[in-house]
Amino acid sequence: MNFDLARQSVRELNAYLHANVVPHDPITVTSPNGAHNIAVGVNAPVSIEVAGHVGYYAGGMNQLASIDIHGNAGPGVAEGMCSGEVRVRGFASVAAGAAAHGGLLVIDGDASLRCGISMKGIDIVVGGSVGDYSAFMAQAGSLVVCGDAGDALGDSLYEAVIYVRGSVASLGADAQEQPLTDADVAHVGALLHRAGLGHDPRTFRRIASARTLYHWNADAEQEY
Amino acid sequence: MCGIVGLLLKKPSLRPALGELMLPMFVGMTERGPDSGGLAVYGAPATGDARKFSLYAGDVAVDWEALGAAAAERFGRTSIEMNGNHAILEVSATHDAMAAWLEGAAPDVALLSAGRAMDLYKDVGAPAAIAQRYGFASLAGTHLVGHTRMATESAVTPAHAHPFTFGDDFCLVHNGSLSNPNNVRRELEHHGVRFETDNDTEAACRFIGHRLNEGDDLAAAMQRAFSVLDGFYTLLIGTRDSLAIVRDPFACKPAIVAETDDYVAISSEYRSLADLPGVASARLFEPRPRQLYQWHVQ
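Below, the structure is given as structure tokens:
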């Protein structure tokens, strides 16, 4: 099944994906040309291949589907995803995987600022680097960064864990580097394997919450 | 929300087609900015020591030929290019002299811009209608700065539409909103800078323009702007020989650049670049926050 967005609307595509999609019957989307909301809200085990660049919120709220974007993604790719997989072969704009509960997001290139902001259980693997404020208030899941991270990484982190292979410009409030455990190595190795990346998981550093912001501290004078 | 578009042609043979190449970019940003639109286009410079003044009459019927004749009487040799409620007057006059003269000669006519190479158009309405009204498709030149507006902080009028200008050949468009434009305006007024609207972008334009007049280059002016301008902004800036873009430290508003050997094209979103010839093999990137990107006309 092919949808050519030069001739068909995103609404036609998404209506089909929501109501008529046949599980395991692959779908291709051509001429996406940066359109917004491509393959949003899919809830079926189906593979969707997008041949080109996508705009805002591609693959948002995904469940079960495997969405492969052969191009760059605009803001909020895979935002709110619950399960399944979204892959971006190019770079991703801001807020990739924002507030997502589950599934796997793989970005081959760089991700811009706020990657994984408020993530709630998703696993994100970025082949390149991530911008400032990534994993801000991240609650659960893991963010694996094969390149470098920008400023304020993991600011106000809850229980999500960040793994970085390159440099970190700065850590956010309450984010701290912790020893890499065997369980971390196995977990990162499995995610890298699923992402098709060959890095040695032992070369990553673990960043997680120091948990000092979990309770109100009246003596902190708001100096974090 | 607003849309920004910029295009600089590296390849001289493409310059007659500047408007035609830009049109799908501009119309493609309609959803981001359906209420007003504007365009600054840098073309052949005025002859001798003349300046080009872009004039706008809105709904008022103006006898442009008579105004051109009166300008010739006041300033000497004059040429005027008329297009409905818009005209470009080419004459040897300073910006201040022209503004003062217009106030008496044609108080209903707004002076949109002054410069050696820049013509400016802005109006309310849908981008496609504005492009049609002023014949954007047939514009020629080296580079341009365009904007589609969805007003969030001040009125929808032609004067509040972007681009804003300051001095000769400097213009700026903005996607975002500033939280301290009134402070910036008050400070600048102490330095004798005059404002025409209560629009937040005008404050950013005049702040940066004022710094350039004080001797800063664009990079230095932007460094000051980062510490003074509070809010969200992707700014696209045109000067006589360059096109520049900068995003606030949080990169709150989008921007994407497509660069080839033939052109540099900038837009809020890729979808408005998708029709450009050769864009499939262009180098695509999002400008990093707090970093000035500037391309010069070769």
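Chains A and B are the protein sequences, given in the same order.
Under numbering that gives the first Met the number 0, the residues of the first sequence are numbered 0 to 223, in order.
Under numbering that gives the first Met the number 0, the residues of the second sequence are numbered 0 to 297, in order.
We treat Cβ as the ideally placed atom computed from N, Cα and C, and that holds for glycine.
(1) Taking 8 angstroms as the CB-CB cut-off, is Val93/A touching chain B?
(2) Strictly by DSSP, which residues pair up with Asp167/B?
(3) So which residues of chain B does Ala97/A contact, with C-beta pairs closer than 7 angstroms?
(4) Is Ser111/A close to chain B? Criterion is C-beta to C-beta, closer than 8 angstroms.
(5) Looking at Asp199/B and Ser153/B, is the spacing between their C-beta atoms short of 8 angstroms?
(6) With 8 angstroms as the threshold, decide whether the Cβ of Asn13/A is near any Cβ in chain B.
(7) Do you know offhand how far Glu84/A's Cα is from Leu6/B's?
(8) In the DSSP assignment, find the unbroken beta strand (DSSP E) run with Val28/A in it and report its ends.
(9) Let me confirm a value: Ser267/B is counted as buried when at least 16 other C-beta atoms fall within 10 Å, else exposed. Which label applies?
(10) Determine the chain B residues that contact Pro22/A at a beta-carbon separation under 8 angstroms, and present them in chain order.
(11) If we define contact as Cβ-Cβ less than 8 angstroms, is Asn32/A a contact residue for chain D?
(12) Are the Cβ atoms of Val9/A and Ala50/A separated by less than 8 angstroms?
(13) Using a Cβ cut-off of 9 angstroms, which residues of the stretch 71–83 of chain A contact any Cβ in chain B, in chain order?
(14) Check whether chain B comes within 8 angstroms of His52/A, counting only Cβ atoms and requiring the distance to be less than that.
(15) What residues in its chain sit with their C-beta under 6 angstroms from that of Thr27/A, if we drop five residues either side in the sequence?
(16) Report the neighbours of Pro288/B on chain A: residues whose CB is nearer than 8 angstroms to its CB, in chain order.
(17) Can you give the beta carbon distance from Glu158/A to Ser208/A, rounded, assuming they're within the 8 angstroms contact cut?
(18) Does any CB atom of chain A fall closer than 8 angstroms to the CB of Pro253/B?
(19) With contact counted as at least three CB pairs below 8 angstroms, one residue from each stretch, are the stretch 165–180 of chain B and the stretch 112–127 of chain B in contact?
(20) With a cut-off of 8 angstroms, does the C-beta of Phe52/B fall near any C-beta of chain A?
(21) Need the endpoints of the beta strand (DSSP E) that Phe284/B sits in, please.
(22) Could you tell me the distance, in whole angstroms, from the CA atom of Val163/A to the CA atom of Thr46/B?
(23) Since Pro286/B contacts Ala264/B with CB under 8 angstroms, what's their CB separation in whole angstroms?
(24) Going by DSSP, what residues sit across from Phe231/B in a beta bridge?
(25) Per the DSSP calculation, Gln175/A is bridged to which residue(s)?
(26) Among Ser226/B, Arg289/B, Ala70/B, which residue has its Cα nearest to the Cα of Gly103/B?
Checking against the coordinates, here is how it stands:
(1) yes
(2) Ala113/B
(3) Per Cβ cutoff of 7 angstroms: no residues; Ala97/A is ~14 angstroms from chain B at best.
(4) yes
(5) Inclusion of Ser153/B and Asp199/B in the CB contact set at 8 angstroms is warranted, their separation being smaller than that value.
(6) no
(7) 37 angstroms
(8) Where Val28/A is concerned, the enclosing beta strand (DSSP E) stretches over 26–29.
(9) buried
(10) Within chain B, no residue comes near Pro22/A; the closest Cβ sits about 31 angstroms away, beyond 8 angstroms.
(11) No chain D appears in the structure shown, which is made up of the protein chains A and B.
(12) Result no, Cβ atoms of Val9/A and Ala50/A do not sit closer than 8 angstroms.
(13) Asn71, Gly73, Pro74
(14) The beta carbon of His52/A sits closer than 8 angstroms to some beta carbon of chain B.
(15) For Thr27/A, where only same-chain residues beyond five positions count, the Cβ hits under 6 angstroms are Asn1, Glu48.
(16) Leu112, Gly130, Asp131
(17) 7 angstroms
(18) yes
(19) yes
(20) No - not a single Cβ of chain A is within 8 angstroms of the one on Phe52/B.
(21) 282–284
(22) Using only the alpha carbons, I get a separation of about 59 angstroms.
(23) With 8 angstroms as the limit, Pro286/B and Ala264/B do not qualify as a contact, their Cβ atoms being about 13 angstroms apart.
(24) Ser176/B
(25) Ala207/A
(26) Ala70/B
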